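Below: one structure, written as structure tokens.
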Amino acid sequence: MRIVVLTGAGISAESGVPTFRDSGGLWEGHDVEDVATPEGYERDPDTVLRFYDARRRAAASVTPNAAHRALARLEGAIGEDLLVVTQNVDDLHERAGSHSLVHMHGELRRALCTTCGARPEWDADLIDRPHCPACGERTLRPDVVWFGEMPYDLDRIEQAVVGCELFVSVGTSGAVYPAAGYVALAAAFGARTVELNLEPSDAAVPFDEVRAGRATEVVPAWVEEVLVA
Ligand code: OAD
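Basically my numbering = 1-based index in the sequence shown + 1322.
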């Protein structure tokens, strides 16, 4: 069975990474326009670089949880019939052992050179304007997709969504497109759709099945069911 799992901030919440839209969320204290748009970066690059430097450091100090590990276990069993599409910029899926994985909103552990387009792996701060390893210019920004920018790997994702038999959404509010539209696309092409979330989201198209609960509980339980089926 081909399965696509779309994940959002909720899967990393129990690892200690704050979500965006829950109270105490990541945007609190920051205007989204200031730290997650190209215009905000143009206006005040230092604030934006510091914001993502802090997030990169915070992400390095947390560890994958049982939900990330369960998805890696599922990949171990069915291989590339599983594609995890994450909106998250942390690296908890890969640290749990996932390889069949797309970071559609970019990665904290990469930089993007606005001069040459290189996307080098990057673990250090960007605030000091380090040189791009490819072209030498000091024009590295976080490789995070901001509002108004094009997410990564959309062709690959859409192909997988259209071709899957089971589409599962984990820990995402369904507020940001195009990710929020994948459940409708999957359903239109005949997939069964399941939502695993703390609470039912306001999805534009209802899921066939909704299981409410914490990701560390509902995701491993669902994976066990798939593995014994
Ligand atoms: P949100 O913060 O919008 O939604 C998180 C979802 O996770 C909510 O529906 C919560 O109910 C749920 N949740 C919270 N804790 C949970 C837990 N322990 N177990 C299961 N579910 C839990 O985050 P996203 O949907 O990921 O984009 O946000 C989508 C995009 O909006 C992000 O990728 C980011 C942001 O703008 C960019 O930065 C481009």
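Glycine included, C-beta positions come from ideal geometry on N, C-alpha and C. Note that the structure is a prediction, hence the values are computed from the model and not measured.
* Asked: Which class does residue 1432 belong to by DSSP, given the choice of helix, strand or coil?
  -> strand
* Asked: Closer than 7 Å: is that where the CB of residue 1478 sits relative to any heavy atom of ligand 1?
  -> no
* To do: Let me know if residue 1453 comes out buried or exposed under the rule of 16 or more other beta-carbons within 10 Å of its beta-carbon.
  => exposed
* Cβ of residue 1418 within 8 Å of Cβ of residue 1394? -> yes
* 8 Å Cβ cutoff, residue 1498 in contact with chain B -> Within the model displayed, chain B is absent; a lone protein chain is all it includes.
* Using the rule of at least 16 other Cβ atoms within 10 Å of the residue's Cβ for burial, across every protein chain shown, is residue 1398 buried or exposed? -> exposed
* For the candidate residues 1487, 1515 and 1411, whose alpha-carbon lies nearest to that of residue 1473? -> 1411
* Consider the C-beta atom of residue 1536 and the heavy atoms of ligand 1; say whether any pair is separated by less than 7 Å. => yes
* Given a threshold of 16 other Cβ atoms within 10 Å of its Cβ, counted over all protein chains shown, does residue 1512 qualify as buried or as exposed? -> exposed
* Relative to the alpha-carbon of residue 1544, which residue among 1468, 1388 and 1340 has its alpha-carbon at the smallest distance? -> 1388
* Should residue 1520 be counted as a contact of ligand 1 given a C-beta to heavy atom distance under 7 Å? -> yes
* To do: Report yes if the CB atom of residue 1494 is closer than 8 Å to the CB atom of residue 1332, and no otherwise.
  => yes
* Asked: Enumerated in chain order, which unbroken segments of the beta strand (DSSP E) with a length of 3 residues or greater are wholly contained in the segment 1430 to 1501?
  -> 1462 to 1466 and 1488 to 1492
* Asked: For residue 1403, which residues of its own chain have a beta-carbon under 7 Å away from its beta-carbon, when the five flanking residues on both sides are left out?
  -> 1323, 1324 and 1325
* Asked: With a cut-off of 8 Å, do at least 3 Cβ pairs link the segment 1481 to 1497 to the segment 1514 to 1529?
  -> yes
* Asked: Given a threshold of 16 other Cβ atoms within 10 Å of its Cβ, counted over all protein chains shown, does residue 1382 qualify as buried or as exposed?
  -> exposed
* Asked: Which residue's Cα is closest to the Cα of residue 1538: 1364, 1391 and 1457?
  -> 1391
* For residue 1423: DSSP bridge partner residues -> 1406
* Whole-angstrom distance between residue 1531 and residue 1547, CA atom to CA atom -> 14 Å
* Minimum C-alpha distance to residue 1385 - residue among 1366, 1510 and 1415 -> 1415
* So the beta strand (DSSP E) residue 1326 belongs to, where does it begin and stop? -> 1325 to 1329
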